[in-house]
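S.K.:
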Amino acid sequence: MTKDFVSKAFAIDISQSKLTAAKGELVIKQEKPSVTVKEVKEFPYNNEGIEELIKFLEGYNEGILEATGVYFYYLHEKLTEKGFKVTVVNPAHLTEILGKKTDKLDAQRLLVAYMTGVIKGSYIPTGEIKELRELTRHRENLVNKITQVKNEIRKTLEIAGYKIEPFDKKGRQLLEKLAKGEELSKEEKEELKEKLGRNLNDAEKLTLKQLVELLKSLENMVKEVEDMII
-12 MTKDFVSKAF
-2 AIDISQSKLT
8 AAKGELVIKQ
18 EKPSVTVKEV
28 KEFPYNNEGI
38 EELIKFLEGY
48 NEGILEATGV
58 YFYYLHEKLT
68 EKGFKVTVVN
78 PAHLTEILGK
88 KTDKLDAQRL
98 LVAYMTGVIK
108 GSYIPTGEIK
118 ELRELTRHRE
128 NLVNKITQVK
138 NEIRKTLEIA
148 GYKIEPFDKK
158 GRQLLEKLAK
168 GEELSKEEKE
178 ELKEKLGRNL
188 NDAEKLTLKQ
198 LVELLKSLEN
208 MVKEVEDMII
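Per the numbering used here, the very first residue in the sequence shown carries number -12; after that it's consecutive.
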(Lines of atoms letter the chains of each structure in order from A and count residues from 1; the text may use other names and numbers.)
(Lines give C-alpha, C1' and ligand atoms only; values in the text may rest on other atoms or scores of the structure.)
Protein backbone atom coordinates (compact mmCIF):
# COMPACT_ATOMS: atom_id res chain seq x y z
CA MET A 1 0.00 0.00 0.00
CA THR A 2 1.38 3.38 -1.03
CA LYS A 3 1.19 6.11 1.55
CA ASP A 4 -0.03 9.55 0.43
CA PHE A 5 2.05 12.61 1.35
CA VAL A 6 0.30 15.98 1.55
CA SER A 7 2.09 19.33 1.68
CA LYS A 8 0.41 22.72 2.02
CA ALA A 9 1.77 25.90 0.47
CA PHE A 10 0.80 29.28 -0.96
CA ALA A 11 1.94 31.47 -3.83
CA ILE A 12 1.45 35.21 -4.22
CA ASP A 13 1.60 37.26 -7.40
CA ILE A 14 2.41 40.90 -6.61
CA SER A 15 1.70 44.16 -8.40
CA GLN A 16 1.94 47.74 -7.17
CA SER A 17 -1.64 47.82 -5.91
CA LYS A 18 -2.84 44.21 -5.81
CA LEU A 19 -1.93 40.82 -4.34
CA THR A 20 -3.25 37.59 -5.83
CA ALA A 21 -2.81 34.61 -3.52
CA ALA A 22 -3.35 30.93 -4.24
CA LYS A 23 -3.18 28.16 -1.66
CA GLY A 24 -3.15 24.46 -2.28
CA GLU A 25 -2.09 20.96 -1.32
CA LEU A 26 0.37 18.57 -2.91
CA VAL A 27 -0.65 14.91 -2.96
CA ILE A 28 1.84 12.26 -4.06
CA LYS A 29 0.28 8.97 -5.14
CA GLN A 30 2.47 6.22 -6.51
CA GLU A 31 5.32 8.74 -6.88
CA LYS A 32 3.19 11.03 -9.05
CA PRO A 33 2.64 14.55 -7.64
CA SER A 34 -0.70 16.25 -8.01
CA VAL A 35 -1.47 19.80 -6.85
CA THR A 36 -4.95 20.76 -5.80
CA VAL A 37 -5.51 24.53 -5.77
CA LYS A 38 -7.88 25.09 -2.86
CA GLU A 39 -8.61 28.79 -3.33
CA VAL A 40 -7.43 31.89 -5.19
CA LYS A 41 -8.21 35.36 -3.85
CA GLU A 42 -7.22 38.96 -4.56
CA PHE A 43 -6.32 41.56 -1.93
CA PRO A 44 -5.46 45.26 -2.12
CA TYR A 45 -1.76 45.84 -1.51
CA ASN A 46 -2.06 47.92 1.66
CA ASN A 47 -1.90 47.18 5.39
CA GLU A 48 -5.56 46.18 5.59
CA GLY A 49 -5.16 43.91 2.57
CA ILE A 50 -2.08 42.26 4.10
CA GLU A 51 -4.00 41.58 7.32
CA GLU A 52 -6.76 39.91 5.27
CA LEU A 53 -4.13 37.93 3.36
CA ILE A 54 -2.57 36.64 6.58
CA LYS A 55 -5.98 35.40 7.75
CA PHE A 56 -6.51 33.79 4.33
CA LEU A 57 -3.18 31.94 4.66
CA GLU A 58 -3.98 30.47 8.08
CA GLY A 59 -2.81 26.85 8.11
CA TYR A 60 -0.45 27.40 5.19
CA ASN A 61 2.93 28.18 6.73
CA GLU A 62 5.20 28.26 3.71
CA GLY A 63 5.04 29.63 0.21
CA ILE A 64 6.58 31.66 -2.57
CA LEU A 65 6.50 35.25 -3.84
CA GLU A 66 7.56 36.64 -7.18
CA ALA A 67 10.24 39.33 -6.69
CA THR A 68 8.37 41.99 -8.63
CA GLY A 69 10.37 45.25 -8.70
CA VAL A 70 10.66 46.58 -5.16
CA TYR A 71 7.04 45.77 -4.33
CA PHE A 72 7.72 42.38 -2.75
CA TYR A 73 10.05 43.63 0.02
CA TYR A 74 7.36 44.99 2.33
CA LEU A 75 5.11 41.95 1.96
CA HIS A 76 8.06 39.60 2.50
CA GLU A 77 8.92 41.49 5.68
CA LYS A 78 5.35 41.39 7.03
CA LEU A 79 4.94 37.66 6.31
CA THR A 80 8.28 36.65 7.85
CA GLU A 81 7.42 38.71 10.94
CA LYS A 82 4.31 36.53 11.30
CA GLY A 83 6.38 33.36 11.12
CA PHE A 84 5.74 32.34 7.52
CA LYS A 85 8.55 30.59 5.66
CA VAL A 86 8.72 32.61 2.45
CA THR A 87 10.73 31.83 -0.67
CA VAL A 88 11.27 34.49 -3.34
CA VAL A 89 11.71 33.75 -7.04
CA ASN A 90 13.34 35.98 -9.65
CA PRO A 91 10.81 37.01 -12.36
CA ALA A 92 13.36 36.31 -15.11
CA HIS A 93 13.80 32.74 -13.85
CA LEU A 94 10.04 32.37 -13.57
CA THR A 95 9.46 33.52 -17.16
CA GLU A 96 12.18 31.17 -18.38
CA ILE A 97 10.45 28.23 -16.72
CA LEU A 98 6.76 29.10 -17.08
CA GLY A 99 6.67 31.47 -20.05
CA LYS A 100 4.88 34.81 -20.24
CA LYS A 101 2.62 36.12 -17.49
CA THR A 102 -1.04 35.12 -17.69
CA ASP A 103 -2.72 37.54 -15.29
CA LYS A 104 -5.21 35.65 -13.12
CA LEU A 105 -3.44 32.30 -13.55
CA ASP A 106 -0.05 33.59 -12.38
CA ALA A 107 -0.49 32.74 -8.69
CA GLN A 108 -1.83 29.28 -9.52
CA ARG A 109 0.99 28.49 -11.95
CA LEU A 110 3.53 29.77 -9.43
CA LEU A 111 1.99 27.57 -6.73
CA VAL A 112 2.08 24.43 -8.86
CA ALA A 113 5.66 25.08 -10.00
CA TYR A 114 6.81 25.67 -6.42
CA MET A 115 5.07 22.66 -4.91
CA THR A 116 6.32 20.28 -7.60
CA GLY A 117 9.92 21.52 -7.30
CA VAL A 118 10.06 23.06 -10.77
CA ILE A 119 11.31 26.41 -9.44
CA LYS A 120 13.53 27.30 -6.53
CA GLY A 121 13.69 30.62 -4.74
CA SER A 122 16.38 33.04 -3.63
CA TYR A 123 17.65 34.00 -0.19
CA ILE A 124 16.31 37.32 1.08
CA PRO A 125 18.18 38.60 4.15
CA THR A 126 16.33 39.80 7.23
CA GLY A 127 17.21 41.70 10.39
CA GLU A 128 20.71 43.15 10.73
CA ILE A 129 21.96 41.62 7.48
CA LYS A 130 19.08 43.23 5.59
CA GLU A 131 19.84 46.62 7.18
CA LEU A 132 23.54 46.30 6.36
CA ARG A 133 22.74 45.53 2.73
CA GLU A 134 20.36 48.47 2.53
CA LEU A 135 22.96 50.83 3.98
CA THR A 136 25.69 49.49 1.70
CA ARG A 137 23.44 49.90 -1.34
CA HIS A 138 22.49 53.43 -0.25
CA ARG A 139 26.15 54.35 0.23
CA GLU A 140 26.96 53.06 -3.25
CA ASN A 141 24.18 55.20 -4.74
CA LEU A 142 25.45 58.28 -2.90
CA VAL A 143 29.01 57.66 -4.08
CA ASN A 144 27.76 57.38 -7.66
CA LYS A 145 25.97 60.71 -7.27
CA ILE A 146 29.16 62.29 -5.91
CA THR A 147 30.99 61.12 -9.02
CA GLN A 148 28.30 62.70 -11.21
CA VAL A 149 28.51 66.01 -9.33
CA LYS A 150 32.31 66.04 -9.56
CA ASN A 151 32.10 65.47 -13.30
CA GLU A 152 29.70 68.42 -13.61
CA ILE A 153 32.10 70.61 -11.62
CA ARG A 154 35.01 69.61 -13.84
CA LYS A 155 32.95 70.34 -16.95
CA THR A 156 31.95 73.80 -15.66
CA LEU A 157 35.58 74.67 -14.93
CA GLU A 158 36.82 73.27 -18.22
CA ILE A 159 34.33 75.36 -20.20
CA ALA A 160 35.79 78.47 -18.55
CA GLY A 161 39.36 77.36 -19.34
CA TYR A 162 40.44 76.11 -15.90
CA LYS A 163 42.98 73.26 -15.93
CA ILE A 164 43.15 72.68 -12.19
CA GLU A 165 42.50 69.45 -10.30
CA PRO A 166 39.57 70.66 -8.17
CA PHE A 167 39.50 67.80 -5.67
CA ASP A 168 42.99 67.64 -4.19
CA LYS A 169 43.68 69.80 -1.12
CA LYS A 170 44.74 72.98 -2.94
CA GLY A 171 42.22 72.48 -5.71
CA ARG A 172 39.40 72.15 -3.22
CA GLN A 173 40.39 75.43 -1.57
CA LEU A 174 40.43 77.14 -4.96
CA LEU A 175 37.09 75.57 -5.86
CA GLU A 176 35.54 76.94 -2.66
CA LYS A 177 36.74 80.45 -3.54
CA LEU A 178 35.47 80.24 -7.10
CA ALA A 179 32.11 78.93 -5.90
CA LYS A 180 31.78 81.85 -3.46
CA GLY A 181 32.91 84.38 -6.06
CA GLU A 182 35.92 85.36 -3.95
CA GLU A 183 38.99 87.05 -5.43
CA LEU A 184 42.10 84.86 -5.61
CA SER A 185 45.17 86.10 -3.80
CA LYS A 186 48.17 87.41 -5.73
CA GLU A 187 50.16 84.34 -4.67
CA GLU A 188 47.45 81.98 -5.91
CA LYS A 189 47.23 83.74 -9.25
CA GLU A 190 51.00 83.58 -9.67
CA GLU A 191 51.22 79.92 -8.66
CA LEU A 192 48.34 78.82 -10.89
CA LYS A 193 48.66 81.32 -13.74
CA GLU A 194 49.08 78.55 -16.35
CA LYS A 195 45.98 76.72 -15.08
CA LEU A 196 43.53 79.57 -14.55
CA GLY A 197 40.84 80.42 -17.05
CA ARG A 198 38.66 83.45 -17.58
CA ASN A 199 36.37 85.05 -15.03
CA LEU A 200 33.25 82.97 -14.49
CA ASN A 201 30.00 84.49 -15.69
CA ASP A 202 26.98 84.71 -13.38
CA ALA A 203 25.43 81.48 -14.64
CA GLU A 204 28.69 79.58 -14.11
CA LYS A 205 29.13 81.05 -10.62
CA LEU A 206 25.64 79.96 -9.63
CA THR A 207 26.12 76.51 -11.16
CA LEU A 208 29.44 76.03 -9.39
CA LYS A 209 28.06 77.31 -6.07
CA GLN A 210 25.13 74.90 -6.15
CA LEU A 211 27.25 71.96 -7.28
CA VAL A 212 29.76 72.54 -4.47
CA GLU A 213 26.93 72.77 -1.92
CA LEU A 214 25.44 69.55 -3.29
CA LEU A 215 28.84 67.85 -3.16
CA LYS A 216 29.30 68.80 0.51
CA SER A 217 25.82 67.55 1.33
CA LEU A 218 26.41 64.21 -0.39
CA GLU A 219 29.80 63.80 1.30
CA ASN A 220 28.17 64.40 4.69
CA MET A 221 25.50 61.82 3.85
CA VAL A 222 28.14 59.23 2.97
CA LYS A 223 29.92 59.86 6.28
CA GLU A 224 26.65 59.50 8.17
CA VAL A 225 25.93 56.17 6.45
CA GLU A 226 29.49 54.93 7.03
CA ASP A 227 29.26 55.81 10.73
CA MET A 228 26.09 53.73 10.96
CA ILE A 229 27.68 50.78 9.12
CA ILE A 230 30.70 50.82 11.42
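Don't be surprised by glycine CBs; every beta carbon is placed ideally from N, CA and C.
So, do the segment 119 to 129 and the segment 191 to 209 have three or more beta carbon pairs nearer to each other than 8 Å?
M.R.: Short answer: they touch.
S.K.: Is K5 helix, strand or coil by DSSP?
M.R.: Locating residue 5 in the sequence shown gives position 18, where the first residue counts as 1. K5 falls in the strand class under three-state DSSP.
S.K.: Would you kindly check if the distance between the Cβ of T194 and the Cβ of T123 is under 8 Å?
M.R.: Counting from one through the sequence shown, the residue named residue 123 turns up at place 136. Counting from one through the sequence shown, the residue named residue 194 turns up at place 207. No, the Cβ-Cβ distance between T123 and T194 is not below 8 Å.
S.K.: What I want to know is whether the C-beta of L98 ends up closer than 7 Å to one or more non-hydrogen atoms of the ligand SAM.
M.R.: You won't find the ligand SAM in this model; it holds no ligand whatsoever.
S.K.: Does DSSP put E206 in a helix, in a strand, or in coil?
M.R.: Here residue 206 refers to the residue found at position 219 of the sequence shown. DSSP places E206 in helix when its eight states are reduced to three.
S.K.: Relative to the C-alpha of E26, which candidate in L98, T67, D155 and F59 has its C-alpha closest?
M.R.: Residue mapping note: residue 26 aligns to position 39 of the sequence shown, counting from 1. It is L98.
S.K.: Using CA atoms only, rank isn't needed, just tell me which of E177, E175, K182 and L171 is closest to A147.
M.R.: Position 160 of the sequence shown, counting from 1, holds the residue named residue 147. Here the closest residue by C-alpha is K182.
S.K.: The alpha helix (DSSP H) that contains E29, what's its start and end?
M.R.: Locating residue 29 in the sequence shown gives position 42, counting from the first residue. Element bounds for E29: not the alpha helix (DSSP H) but the beta strand (DSSP E), K19 to P31.
S.K.: If you draw a straight line from the C-alpha of E175 to the C-alpha of R185, how long is it?
M.R.: For the purposes of this step, residue 175 is identified with residue 188 of the sequence shown, where counting begins at 1. For the purposes of this step, residue 185 is identified with residue 198 of the sequence shown, where counting begins at 1. Computed Cα separation, rounded: 15 Å.
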